[in-house]
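Reviewing the structure listed below.
Residue numbers (UniProt numbering): 1 to 259.
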């Protein structure tokens, strides 16, 4: 069962979301951040959130600026916007009386939830799934356009049959993002999940995130999974693992991380 919701994003545009509601008494609430140019209805987002809801964890998944059902132009966004919009999603959840204790992010969204974590006061745990250790990793998707974008300020980029506008400000913002410092400063438990056969974001990214994080930290190998978690049962399996790992943090706030 899902409830349609919306909230204002960083640019003042309305962002569309779905709240996957658990049956019975919720164990907790969370937010899912989708991949680079994906959306709330992508397999990784929808199947993972539905799986978590079936485990008693209500999840908000929302389309970032200019994607899916959200307003605005994707080209006006950036990694910084994605992080800030995740924080605003948490404020929305708090305003409705269901504060988010769990953040889950897939791919580019995994980097975003790590960067957003310390700005969300109710947070108890963070999960990255197939995340890059540096946001600028996404540049390989549009590397053929970079020179033109930097010279002319923007260029049209065809992604999955859609025309998106890639702007210089986005490229510069992604290049400037320092995720390693955000990982090091995480004050809540972190679960890193990654497939050793991920050919989009290599497993070395998971190793870099894990090494940079302080305890409590955990790693789970999603062997057999592809980057987008599209094969049958992959996202559902990830949801079961996340549910089991997060259980103690949803019940009892974690102790402060060691310096």
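Think of the CB as a built atom: it goes at the ideal place given N, C-alpha and C, for glycine as much as any other residue.
Alpha-carbon to alpha-carbon, residue j and residue i
| i | j | result |
| --- | --- | --- |
| residue 56 | residue 75 | 36 Å |
| residue 231 | residue 106 | 15 Å |
| residue 256 | residue 127 | Because the pLDDT of residue 256 is 47, which lies under 50, any placement of that residue in the model is unreliable, and the number read from its coordinates should be weighed accordingly. So the two alpha carbons sit approximately 18 Å from each other. |
| residue 54 | residue 244 | 13 Å |
| residue 280 | residue 151 | Any property of residue 280 remains undetermined from this structure, which presents the chain solely from 1 to 259. |
| residue 148 | residue 164 | 15 Å |
| residue 12 | residue 118 | 23 Å |
| residue 226 | residue 61 | 21 Å |
| residue 50 | residue 177 | 31 Å |
| residue 254 | residue 219 | Legend: pLDDT at residue 254 = 48, less than 50; position of this residue unreliable, value from coordinates given subsequently. Using only the alpha carbons, I get a separation of about 18 Å. |
| residue 90 | residue 2 | 18 Å |
| residue 72 | residue 5 | 17 Å |
| residue 258 | residue 159 | The predicted position of residue 258 is uncertain, since its pLDDT is 44 and thus under 50; no value can be drawn from it. |
Expected contact under 8 Å - CB spacing of residue i and residue j to nearest Å
| i | j | result |
| --- | --- | --- |
| residue 123 | residue 101 | 6 Å |
| residue 19 | residue 58 | 6 Å |
| residue 198 | residue 78 | Going by Cβ atoms, the distance from residue 198 to residue 78 rounds to 24 Å, so no, they are not a contact pair. |
Range of the contiguous alpha helix (DSSP H) that encloses residue i
| i | result |
| --- | --- |
| residue 82 | 79 to 95 |
| residue 31 | Segment 28 to 33 is the beta strand (DSSP E) holding residue 31; no alpha helix (DSSP H) there. |
First through last residue of the beta strand (DSSP E) which encompasses residue i
| i | result |
| --- | --- |
| residue 102 | 102 to 106 |
| residue 181 | Note, residue 181: premise wrong, no beta strand (DSSP E); alpha helix (DSSP H) at 179 to 184. |
| residue 57 | 57 to 62 |
Short Cβ contact (7 Å threshold) for residue i with residue j
| i | j | result |
| --- | --- | --- |
| residue 39 | residue 68 | yes |
| residue 86 | residue 144 | no |
| residue 44 | residue 83 | no |
| residue 125 | residue 189 | yes |
Beta-ladder partner(s) of residue i, from DSSP
| i | result |
| --- | --- |
| residue 157 | 164 |
| residue 193 | 129, 220 |
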